[in-house]
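Quick mapping for you: the protein sequence lines, in order, are chains L and V.
Residues in the first sequence are numbered consecutively from 38, following my numbering.
Residues in the second sequence are numbered consecutively from 161, following my numbering.
Here is the structure we will look at.
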Amino acid sequence: MKNFTKLRDWSRKNATVITSLAVTIIIIIIFQIINPSFLSHEGIRASIYAMSYFLIVACGLTFVIMMGSFDFSVVSLLKLAALFCVVFIDRYGLFVIPLAILLTTGFGFLNGLLVARFNVPSFMATLGVSIIVEGIALYFSKGRLFLMYNEQFRALAIKSIAGLPAIFYWAMAIWFVSVFIALCTPFGRRTYAIGSNLVAAGLSGVNVVRHRILVFMLSGFYAGLAGVLYMGQLGGGSVRLGTDLAVPLFASIIAGGTALTGGTGGPHRTLLGVIIITWTQTGLLMLAIGRDIQMVIFGIIAIALAAATVDRRRVKSVK
Amino acid sequence: MKTLIGMIKNNFVLMVLILLVVVFICAYPKKFLSPVNISSIVRQFIRLSLFALGPTFVVVIGSMDLTYVGIWMLGGILVWYVSSWIGPFAILIYPILGFVTGLLVGVIQVKAKIPSFILTLSITVTYWGLTAWLSGGYPRRVKGFGFITASLLPYLPVALLWAIPIMIVAVFIMKRTRIGTYFYAIGSNEEGAELSGIDVEKYKILAFTLSGLFTGIGLIILFPLLGGSAPTELKLGSIVDPLIAIVLGGTPLVGGSGGPERTLLGALTFAVIQRGLSLTFWKPELIQLLLGLVVLGAILVGARKLKGMVIT
Numbered sequence: 038m039k040n041f042t043k044l045r046d047w048s049r050k051n052a053t054v055i056t057s058l059a060v061t062i063i064i065i066i067i068f069q070i071i072n073p074s075f076l077s078h079e080g081i082r083a084s085i086y087a088m089s090y091f092l093i094v095a096c097g098l099t100f101v102i103m104m105g106s107f108d109f110s111v112v113s114l115l116k117l118a119a120l121f122c123v124v125f126i127d128r129y130g131l132f133v134i135p136l137a138i139l140l141t142t143g144f145g146f147l148n149g150l151l152v153a154r155f156n157v158p159s160f161m162a163t164l165g166v167s168i169i170v171e172g173i174a175l176y177f178s179k180g181r182l183f184l185m186y187n188e189q190f191r192a193l194a195i196k197s198i199a200g201l202p203a204i205f206y207w208a209m210a211i212w213f214v215s216v217f218i219a220l221c222t223p224f225g226r227r228t229y230a231i232g233s234n235l236v237a238a239g240l241s242g243v244n245v246v247r248h249r250i251l252v253f254m255l256s257g258f259y260a261g262l263a264g265v266l267y268m269g270q271l272g273g274g275s276v277r278l279g280t281d282l283a284v285p286l287f288a289s290i291i292a293g294g295t296a297l298t299g300g301t302g303g304p305h306r307t308l309l310g311v312i313i314i315t316w317t318q319t320g321l322l323m324l325a326i327g328r329d330i331q332m333v334i335f336g337i338i339a340i341a342l343a344a345a346t347v348d349r350r351r352v353k354s355v356k
Numbered sequence: 161m162k163t164l165i166g167m168i169k170n171n172f173v174l175m176v177l178i179l180l181v182v183v184f185i186c187a188y189p190k191k192f193l194s195p196v197n198i199s200s201i202v203r204q205f206i207r208l209s210l211f212a213l214g215p216t217f218v219v220v221i222g223s224m225d226l227t228y229v230g231i232w233m234l235g236g237i238l239v240w241y242v243s244s245w246i247g248p249f250a251i252l253i254y255p256i257l258g259f260v261t262g263l264l265v266g267v268i269q270v271k272a273k274i275p276s277f278i279l280t281l282s283i284t285v286t287y288w289g290l291t292a293w294l295s296g297g298y299p300r301r302v303k304g305f306g307f308i309t310a311s312l313l314p315y316l317p318v319a320l321l322w323a324i325p326i327m328i329v330a331v332f333i334m335k336r337t338r339i340g341t342y343f344y345a346i347g348s349n350e351e352g353a354e355l356s357g358i359d360v361e362k363y364k365i366l367a368f369t370l371s372g373l374f375t376g377i378g379l380i381i382l383f384p385l386l387g388g389s390a391p392t393e394l395k396l397g398s399i400v401d402p403l404i405a406i407v408l409g410g411t412p413l414v415g416g417s418g419g420p421e422r423t424l425l426g427a428l429t430f431a432v433i434q435r436g437l438s439l440t441f442w443k444p445e446l447i448q449l450l451l452g453l454v455v456l457g458a459i460l461v462g463a464r465k466l467k468g469m470v471i472t
């Protein structure tokens with residue numbers, strides 16, 4: 038009897054994790070039944086390619102959402118880093134990688150500055166910054182399609198280690214680091230504190246302005262890293278790269294259990310969310326369901342998930 | 161001197177507008193005042209303001225509505241579908257779709273308490289997917305609506321004549337009716353509005369519905385004006401431009417002040433900047449980049465009133 042109560046308490050405490058896990062397993066089973074090649078070697082590789090770069094961006098965005106803000110620019114920053122690499126690889130060699138990441142981190146700093154210092158609502162600030170980022174990406178790519186011929190660069194993402202592509206290990210490493218930062222460091226504590234109550238965090242001695250800028254920089258850094266690896270994985274691209282990424286991206290974060298209102302969740306939850314969303318994507322692709330229907334599906338999923346995760350007791354009104 | 165500074169501070173955007181016009185006239189005296197340029201400024205102004213008027217209601221109550229792009233895209237393809245059955249009446253799809261979308265967004269936002277920015281973005285992406293699916297991936301041109309904006313006399317912008325009543329109605333609702341007053345009350349302090357007996361949920365739904373309806377009515381004029389077809393690809397610019405008109409005009413994104421008349425001013429200013437920049441001999445990519453900086457500047461100008469507020 039006592040064991041039973043314990044089990045009930047435990048399952049209540051971890052309700053979101055259990056639901057996410059259950060959904061993941063159900064998705065795998067459904068797709069495996071409809072299409073038996075889903076769990077074949079090729080199928081798993083496709084799923085891992087789809088989830089790896091996605092996980093890296095999602096981890097960065099999770100920190101921002103945990104803090105109660107939103108970063109719309111990650112999609113554009115990913116594109117910028119990817120295009121920067123492919124356009125300038127001939128001129129700078131592998132040195133483009135730190136340059137690209139530095140560039141996106143810089144834009145993260147700009148995001149943070151606008152939000153924390155100039156008091157612009159975060160979605161508007163990041164929307165404005167992504168207009169500039171898109172402008173820059175267009176400026177140096179001139180709308181052309183570029184292909185990546187540098188084998189060393191591509192090996193960063195596609196070199197096979199123990200049967201799995203290298204990008205998978207990158208993503209897992211980044212994920213571990215993010216979980217560590219969120220759960221075991223003062224940085225993570227402060228992010229949760231700001232997400233729960235910005236004013237209270239400021240009054241209890243957190244340097245709110247500096248910390249918010251840092252979190253936006255972290256998000257920009259992750260987006261840049263994901264962009265570099267994504268280019269290695271894809272091997273080419275134009276300005277049209279990744280335009281429909283935004284909605285699946287935040288759907289995956291809320292699917293993991295990080296509510297948009299901030300202060301809860303974290304990168305450890307995001308892993309399951311990313312698996313749910315990206316594996317559904319690959320599963321749908323394997324069933325030859327196109328990008329248009331996928332957008333409809335993910336749009337509706339995002340709304341449903343956002344509605345399900347908002348803590349209506351804590352939040353009185355939402356703008 | 162002090163009153164002069166105060167006047168500039170209060171009418172900052174108006175001053176910017178006058179300054180810009182003077183600068184552009186000095187730089188390109190012949191080109192800027194040519195009929196072609198004036199009419200394209202008017203065109204751009206109509207486009208920005210008709211897209212931005214509806215969302216202004218929502219911004220005043222402190223929320224955000226991005227569905228205008230979704231309504232534009234999905235409506236365009238629906239008009240194409242039904243125009244073979246009911247002819248010119250097909251354009252009425254737009255107000256209907258706008259109304260339904262607005263009502264839907266309002267009810268979901270109020271009942272489920274999803275941040276309106278995320279909600280309307282998701283709905284826009286859903287509409288985008290539906291548009292791409294229904295259209296087969298490329299824009300469908302619908303002929304037969306040209307009569308709405310056909311010019312009766314040379315240089316007389318008929319589209320503007322159609323747009324003016326819409327603008328007047330929007331300003332009237334905001335300034336002279338109880339609905340407008342309640343919107344301001346909700347925007348400046350939602351809890352206070354609730355405590356003083358305003359049915360906040362009802363008026364929030366009303367704001368979203370009005371936003372969708374105004375977008376839909378505006379699109380009756382915009383659809384033929386923009387060439388009788390709607391895009392099937394979501395562009396960041398078409399989301400951001402109307403928002404810039406709102407923010408530049410002086411309606412703060414936290415709500416509570418501003419209004420449609422300010423949005424019109426913002427739309428005119430942004431139209432002048434866009435057209436003025438395109439008169440230069442710079443490369444289109446560079447102009448795009450400069451417009452991005454203008455957007456950033458506009459956001460900063462719009463945020464100057466928010467000092468000391470808690471913004472996430």
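Using N, Cα and C, we set each Cβ at its ideal position, and we do this for glycine too.
Which listed residue (the options) has its alpha carbon closest to that of residue i
i               : options                           : result
S167 of chain L : L:N156, L:F205 and L:G143         : L:G143
F441 of chain V : V:T375, V:A187, V:L179 and V:W293 : V:A187
H248 of chain L : L:M268, L:F224, L:L271 and L:Y259 : L:F224
M185 of chain L : L:A341, L:L114, L:R226 and L:V265 : L:V265
N187 of chain L : L:S197, L:M254, L:T319 and L:M268 : L:M268
G130 of chain L : L:G239, L:Q189 and L:Q318         : L:Q189
L71 of chain L  : L:L324, L:L193, L:T280 and L:D281 : Looking at the sequence itself, residue 71 of chain L is Ile, so the reference to Leu does not match. It is L:L324 whose Cα lies nearest to the Cα of I71 of chain L.
M103 of chain L : L:P285, L:I250 and L:A219         : L:A219
G200 of chain L : L:G336, L:I64 and L:S77           : L:S77
N148 of chain L : L:F253, L:T317 and L:S74          : L:F253
I81 of chain L  : L:T315, L:S159, L:F132 and L:D329 : L:T315
Spatial neighbours of residue i in its chain, beta-carbon cut-off 6 Å, leaving aside the 5 residues before and after
i               : result
L281 of chain V : L226
I120 of chain L : For the sequence presented, residue 120 of chain L should be read as Leu rather than Ile. Once the five neighbours on either side are set aside, the close Cβ partners of L120 of chain L are A174 and S178.
T291 of chain V : M233, L234, I237 and T392
A283 of chain L : V112
P384 of chain V : F305, G306, I308 and T309
C-beta neighbour in chain L for residue i, strict 8 Å
i               : result
K273 of chain V : yes
T440 of chain V : no
A330 of chain V : no
A463 of chain V : yes
V176 of chain V : no
T423 of chain V : no
S194 of chain V : no
A292 of chain V : yes
W288 of chain V : yes
Same chain, Cβ closer than 8 Å to residue i, neighbours up to 5 away in sequence not counted
i               : result
I231 of chain V : Y254, L257, G258, T261, Y287, G372, T375, G376 and L379
S48 of chain L  : I55
Y342 of chain V : A353, I358 and Y363
I198 of chain L : Y206
L182 of chain L : G273, G274 and S275
Closer than 8 Å to chain V by CB, residue i
i               : result
G336 of chain L : yes
E171 of chain L : yes
F253 of chain L : no
V311 of chain L : no
S275 of chain L : no
L322 of chain L : no
I340 of chain L : yes
G165 of chain L : yes
G76 of chain L  : A small correction: the amino acid at residue 76 of chain L is Leu; Gly does not occupy that position in the sequence shown. No, L76 of chain L does not count as interfacial toward chain V.
S331 of chain L : Note on identity: in this sequence residue 331 of chain L is Gln, with Ser being the wrong assignment. So, interface residue.
K179 of chain L : yes
I314 of chain L : no
Close beta carbons around residue i, own chain, < 7 Å, minus the five adjacent residues each side
i               : result
T319 of chain L : A83, S84 and A87
A263 of chain L : Y90, I93, V94 and L115
Checklist entry - For the segment 366–445 of chain V, which segments carrying the alpha helix (DSSP H) assignment without a break, of at least 4 residues, lie completely within its bounds, in sequence order? => result Counting whole runs of 4 or more residues, the segment 366–445 of chain V contains the alpha helix (DSSP H) stretches 396–409 and 420–438.
Checklist entry - Is there contact here, the segment 423–443 of chain V with the segment 204–222 of chain V, by at least three beta-carbon pairs under 8 Å? => result The segment 423–443 of chain V is in contact with the segment 204–222 of chain V.
Next on the checklist: Which complete alpha helix (DSSP H) runs does the segment 208–235 of chain L hold, if anything under 4 residues is left out?
Outcome noted: Restricted to the segment 208–235 of chain L, the alpha helix (DSSP H) segments that are unbroken, complete and at least 4 residues in length are 223–233, listed in chain order.
Next on the checklist: For a minimum of 4 consecutive residues, which ranges assigned as the alpha helix (DSSP H) are wholly contained in the segment 167–233 of chain V?
Outcome noted: Runs found: 172–187, 189–192 and 195–220.
Checklist entry - Are the segment 200–212 of chain L and the segment 290–303 of chain L touching, with three or more C-beta to C-beta distances below 8 Å? => result Verdict: no, contact absent.
Next on the checklist: Which complete alpha helix (DSSP H) runs does the segment 164–197 of chain L hold, if anything under 4 residues is left out?
Outcome noted: Residue ranges of uninterrupted alpha helix (DSSP H) with 4 or more members, entirely inside the segment 164–197 of chain L and ordered along the chain, are 188–195.
Checklist entry - How about the segment 306–323 of chain L and the segment 282–295 of chain L: do they share at least three Cβ pairs that are nearer than 8 Å? => result A contact exists between the segment 306–323 of chain L and the segment 282–295 of chain L.
Checklist entry - In chain order, which continuous runs of the alpha helix (DSSP H) of length 4 or greater are located wholly inside the segment 103–152 of chain L? => result Fully enclosed alpha helix (DSSP H) runs of no fewer than 4 residues occupy 111–129 and 133–149 of the segment 103–152 of chain L, in order along the chain.
Item to check | the segment 393–412 of chain V in contact with the segment 266–278 of chain V per 3-pair CB rule at 8 Å | outcome: They do not touch, by the three-pair rule.
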